[in-house]
Amino acid sequence: MFYQKEIRLKARSRGFHIITHELESQLPELHKIKTGMANFFIQHTSASLTINENVSPDVRSDMESHFNHMVPENAPYYDHTLEGSDDMPAHIKSSLFGPSLSIPITNGALNLGTWQGIYLCEHRNHGGSRKVVVTLIGE
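Quick note: the sequence shown uses this note's numbering, first residue 699, plus one each step.
Here you go:
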């Protein structure tokens with residue numbers, strides 16, 4: 699079985715947001731797959747996806763603090779500045795995390811670890827809603 703759909707995520711503020719349940723709730727087809735793979739691809743260059751700790755909000759705020767320090771705004775060597783001081787750092791952060799995730803499907807569910815959740819990494823101050831293409835493959 700192959701299945702693909704586009705999911706529009708609600709707009710979120712800059713930061714790291716757990717979106718596992720938002721994605722799963724829009725994928726009733728997931729329950730039909732006994733063994734397979736799910737690919738999640740975000741169609742943006744200033745937001746990304748990653749998997750990390752799904753319980754402590756401190757992890758998400760620490761991630762935001764760390765990457766803001768690692769990739770600062772208003773660096774004097776940025777040429778791409780017309781779209782705002784948060785835009786070029788957003789592109790860099792997006793490249794560091796990447797646009798896609800592959801997660802195994804087992805018995806109709808994403809086979810994530812106990813403490814794992816899917817994050818939307820929103821790197822813009824006002825990124826708006828984001829689109830994720832989901833491809834499910836399995837039997």
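Quick reminder that beta carbons are idealized off the backbone N, C-alpha and C, glycines included.
Please list the terminal residues of the continuous alpha helix (DSSP H) segment that includes Val769.
Taken as a continuous stretch (DSSP letters only), Val769 belongs to no alpha helix (DSSP H), as it is neither H nor E.
Whole-number beta carbon distance between Gly806 and His715, since they are thought to touch under 8 Å:
So it is not a contact: roughly 25 Å between Cβ atoms.
Close beta carbons around Trp813, own chain, < 7 Å, minus the five adjacent residues each side
Glu751, Asn752, Val753
If you draw a straight line from the C-alpha of Tyr701 to the C-alpha of Pro755, how long is it?
33 Å
Taking the straight line between their C-alpha atoms, what separation do you get for Val842 and Lys708?
Residue 842 cannot be examined here, being either before or after the span of the chain that is shown, 699 to 837.
Please determine, among Asn766, Leu725, Ile816, the residue with the shortest C-alpha to C-alpha distance to Ser798.
Ile816
Those runs of the alpha helix (DSSP H) which lie wholly inside the region 730-784 and span at least 4 residues
755-768
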